[in-house]
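Visitor:
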Amino acid sequence: MPFVDIRLAGAVTREQKAALVADITQSLVERLGKPAAAVQINITELSLENYAAGGQLLADRAPAPSVRPNSSHREDAIAADTPR
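Residue numbers for the sequence shown, in the numbering used here: 1 to 84.
1) Just verifying my parser: in three-state terms, what is the DSSP assignment at Val39?
2) Who are the near neighbours of Leu28 in its chain, counting only those whose CB is closer than 7 Å to its CB and skipping five residues on each side?
3) Using only the alpha-carbon positions, how far apart do Gly55 and Gly10 sit?
4) Report back the beta-carbon spacing between Thr25 and Ala18 to the nearest angstrom; my notes put them in contact at under 8 Å.
5) Indicate the three-state DSSP secondary structure (helix, strand or coil) for Thr44 in the structure shown.
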């Protein structure tokens, strides 16, 4: 049974989380041959005031760009990790 823990910092809508877990579940079904019902996903939302990267609280950083409507989750993840 695959277990996936996801930690997200900042505002994420219910719709975005639903799409994310659907994509991850489908990927595990395709790649590992596991039944969708066996995939367990836990999402933890982190407060920007309680998480830091590069020695700076995320709350003190410039706002992250919003998700582009025609981009994939992977493209957005790469863009979010790119230093500004």
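Every residue gets a Cβ at the ideal spot worked out from N, C-alpha and C, and that includes glycine. If you're wondering where the values come from, they're calculated on a predicted model, not measured in any experiment.
Guide: Judging by the given coordinates:
1) coil
2) Pro2, Lys34 and Val39
3) 17 Å
4) Rounded, the Cβ-Cβ distance is 11 Å, inconsistent with contact.
5) strand
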